[in-house]
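Residue numbers (the working numbering): 15 to 503. Every residue, glycine too, gets a C-beta built ideally from N, C-alpha and C. In what follows, a structure is listed as structure tokens, so that the remarks can point back to it.
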Amino acid sequence: MAKRKRETEEIVSANGSNEYKRIEPAGDPSISLQIITGSYERVLHGITATISDSPSQDSTSPSPSVQFADNFLFNAHASAIRCLALSPISQPSSTQTPSILLASGGTDERVNVYSLSAIPPHEDEKMAPMPSLGGNKISENPRNRELGSLMHHSSSITSLHFPTRSKLLSAAEDNTITISRINDLSVISTIKAPHPKVQGRPSGDTAPPGAAPVGVNDFAIHSSMKLMLSVGKGERCMRLWNLITGKKAGVLNFARETLQSVQEGKYSSGEGRRIAWNPKGEEFAVAFERGVVVFGADSKPKSRILPQPLTKLHQMRYLTITDDEGREMVVLVVSTESGKLLFYSTDQTSKAEKGAPGESPLPDTLCLAQLDGRIHGFSGRIKDFEILSMPLSAGTWAGLLAVTAGSDGSIRIWMMRSRNLFAAKEKAKDVTTAIPVGNLIGTYETGSRITCLKAFVMVNREGDEGLSEFEGWTDAASVDDSSDDDSGQ
Numbered sequence: 015m016a017k018r019k020r021e022t023e024e025i026v027s028a029n030g031s032n033e034y035k036r037i038e039p040a041g042d043p044s045i046s047l048q049i050i051t052g053s054y055e056r057v058l059h060g061i062t063a064t065i066s067d068s069p070s071q072d073s074t075s076p077s078p079s080v081q082f083a084d085n086f087l088f089n090a091h092a093s094a095i096r097c098l099a100l101s102p103i104s105q106p107s108s109t110q111t112p113s114i115l116l117a118s119g120g121t122d123e124r125v126n127v128y129s130l131s132a133i134p135p136h137e138d139e140k141m142a143p144m145p146s147l148g149g150n151k152i153s154e155n156p157r158n159r160e161l162g163s164l165m166h167h168s169s170s171i172t173s174l175h176f177p178t179r180s181k182l183l184s185a186a187e188d189n190t191i192t193i194s195r196i197n198d199l200s201v202i203s204t205i206k207a208p209h210p211k212v213q214g215r216p217s218g219d220t221a222p223p224g225a226a227p228v229g230v231n232d233f234a235i236h237s238s239m240k241l242m243l244s245v246g247k248g249e250r251c252m253r254l255w256n257l258i259t260g261k262k263a264g265v266l267n268f269a270r271e272t273l274q275s276v277q278e279g280k281y282s283s284g285e286g287r288r289i290a291w292n293p294k295g296e297e298f299a300v301a302f303e304r305g306v307v308v309f310g311a312d313s314k315p316k317s318r319i320l321p322q323p324l325t326k327l328h329q330m331r332y333l334t335i336t337d338d339e340g341r342e343m344v345v346l347v348v349s350t351e352s353g354k355l356l357f358y359s360t361d362q363t364s365k366a367e368k369g370a371p372g373e374s375p376l377p378d379t380l381c382l383a384q385l386d387g388r389i390h391g392f393s394g395r396i397k398d399f400e401i402l403s404m405p406l407s408a409g410t411w412a413g414l415l416a417v418t419a420g421s422d423g424s425i426r427i428w429m430m431r432s433r434n435l436f437a438a439k440e441k442a443k444d445v446t447t448a449i450p451v452g453n454l455i456g457t458y459e460t461g462s463r464i465t466c467l468k469a470f471v472m473v474n475r476e477g478d479e480g481l482s483e484f485e486g487w488t489d490a491a492s493v494d495d496s497s498d499d500d501s502g503q
């Protein structure tokens, strides 16, 4: 049997680490998204969103229709799920369907690993639909399955990341970051962060040992796969790690002026909540409770982000945008308690006005655009989000789809135009307010309090007729370790 050739295009994800191979749709105009959410109710929920009648670049065209279907819904952990991670997609072949690895971490100290098919489930019109008590459509994918669990942490899992398909990094509140091999679900190396020195506690404090806040909040891996940054609880600093040796490479304390610029005062924790490298590894951003500080490659603060009015920040990601003319732009996207997605260009700054709240020597990063849920009648927070490239009929990647999740259990899909963000960047210094972007095209109610979300664009089913629906237990779990055995050791 001759091997089928598939044309793929390499796309870099928003955080600049995961590389997704996507097959451009040939004839079917519909686009399928795989959405995964975790919740306080221990539920791991997989949803397929099929977007039909993809619009053209003409803004007067009608909005596309979205159909949701449940893939899986079960209690994956013994307690709340706190974080999710997706691996790069596997290489398509004539004998194996492309798949993506999913990792989930919860407060039960477990990390579960699953294999998800990157191809939408086949819909057979001759078969009766599966019954559902909630009235939602069910489309189960027989290729999805569980691979195993990791139980090497002794506290709640706080962050997960796949630098490659063969390695998984996990951080927890036991102040450790571990590197695990997916092939046999074994721990390769463990990085131990020091416990922070307790400050500001009275001398007669009778709190038991370990009651002080400890743990790694978040970490970010450089694009070279050799460096890693981390921020932790109770620490007003960030730590640099050498992934080649697995040892500490340096510590950068946050200056008082830097903390004050993002409203981290004397009685605030001053700890970094999120951290992320830009795709090229030339700068990184640290998110605090109400603001973000952008640092250059020399670890010196460049600018700050302070939303107005002040509100709590929940998630932060770098995003690479490409328009239909081939231009590229990197923006920093943050989600807020007030239900907004804010798009910032870290290349453009402006001096803070004298006498303004939170006046700082650091310049302000210009806000290009905002996706405001309140315009559409939604006032809840955006707990987590993903922004995905949308393939258009012309073969370009000029469209964007934003998937947002709130604590009220709602998942919303928004359609955006890349050219609107490029136009906003050109007019950023002449316009005092951010332009509104995003059209709501679909809403799905999960009924759970969502804590984390991941999503990816599924590949086309073109040329998949000869593959079986079930391919055994071991093929999808085997991954190639030869490409980067030294990246995490």
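Query	Result
Cα separation between residue 46 and residue 133?	9 Å
Please name the residue, chosen from 268, 250, 111 and 125, that lies closest to residue 315 on a Cα-to-Cα basis.	268
Compare the beta carbon distance of residue 127 and residue 186 with 8 Å and say whether it is the shorter of the two.	no
Does the beta-carbon of residue 59 have 16 or more other beta-carbons within 10 angstroms, so that it is buried, or is it exposed?	buried
Give me the Cα-Cα distance between residue 90 and residue 446, rounded to the nearest whole angstrom.	46 Å
Measuring CA to CA, which of 336, 288 and 334 is closest to residue 349?	288
Under 6 Å Cβ to Cβ from residue 226, same chain only, skipping five residues before and after it: list those, please.	212
Roughly how many angstroms lie between the CA atoms of residue 383 and residue 448, to the nearest whole one?	4 Å
Please work out which residues of its chain come closer than 6 Å, Cβ to Cβ, to residue 357, disregarding the five sequence neighbours upstream and downstream, and give them in chain order.	345, 347, 382 and 383
Report the option in 362, 453, 157 and 200 whose CA atom is closest to the CA atom of residue 440.	362
Helix, strand or coil: how does DSSP classify residue 514 here?	Look at the range of the chain in this structure, 15 to 503, and you will see that residue 514 is not part of it.
Does the beta-carbon of residue 328 have 16 or more other beta-carbons within 10 angstroms, so that it is buried, or is it exposed?	buried
Look at residue 52 and residue 118 and say whether their C-beta atoms are less than 8 Å apart.	yes
Whose CA, out of 116, 155 and 426, lies closest to the CA of residue 353?	426
Quick check on residue 392: does DSSP put it in helix, strand or coil?	coil
So, using beta-carbon positions, are residue 266 and residue 241 closer together than 8 Å?	no
Can you tell me whether DSSP reads residue 418 as helix, strand or coil?	strand
Assign residue 112 to one of two classes, buried (16 or more other C-beta atoms within 10 Å of its C-beta) or exposed (fewer than that).	buried
Taking the alpha-carbon positions, what's the residue 40 to residue 248 distance?	Residue confidence is low: residue 40 scores 42 on pLDDT, short of 50, so the model does not pin down where it sits. No coordinate-derived value is stated.
How many angstroms separate the CA atom of residue 454 from the CA atom of residue 415?	10 Å
Let me know if residue 444 comes out buried or exposed under the rule of 16 or more other beta-carbons within 10 Å of its beta-carbon.	exposed
Give the secondary structure of residue 456 by DSSP, where H, G and I count as helix, E and B as strand, and everything else as coil.	strand
For residue 127, list the residues DSSP reports as bridge partners.	117 and 162
Using only the alpha-carbon positions, how far apart do residue 355 and residue 467 sit?	15 Å
Once you ignore the five residues that flank residue 388 on each side, which residues in its own chain have a CB closer than 7 Å to its CB?	353
So, with DSSP's three-state summary, where would you put residue 434?	helix
Roughly how many whole angstroms lie between the Cα atoms of residue 120 and residue 304?	25 Å
Helix, strand or coil, according to DSSP, for residue 58 in the structure here?	strand
Could you tell me the distance, in whole angstroms, from the CA atom of residue 298 to the CA atom of residue 460?	34 Å
Should residue 480 be labelled buried (16 or more other beta-carbon atoms within 10 Å of its own) or exposed?	Any answer about residue 480 is weak, because its pLDDT of 42 lies below 50 and its placement is not dependable; what the coordinates show is given next. Per the 10 Å Cβ criterion, exposed.
For the alpha helix (DSSP H) containing residue 273, list its first residue and its last residue.	270-275
Classify residue 494 as buried or exposed, calling it buried when 16 or more other Cβ atoms lie within 10 Å of its own Cβ.	The predicted position of residue 494 is uncertain, since its pLDDT is 48 and thus under 50; a value taken from the coordinates is nonetheless stated next. Burial call: exposed.
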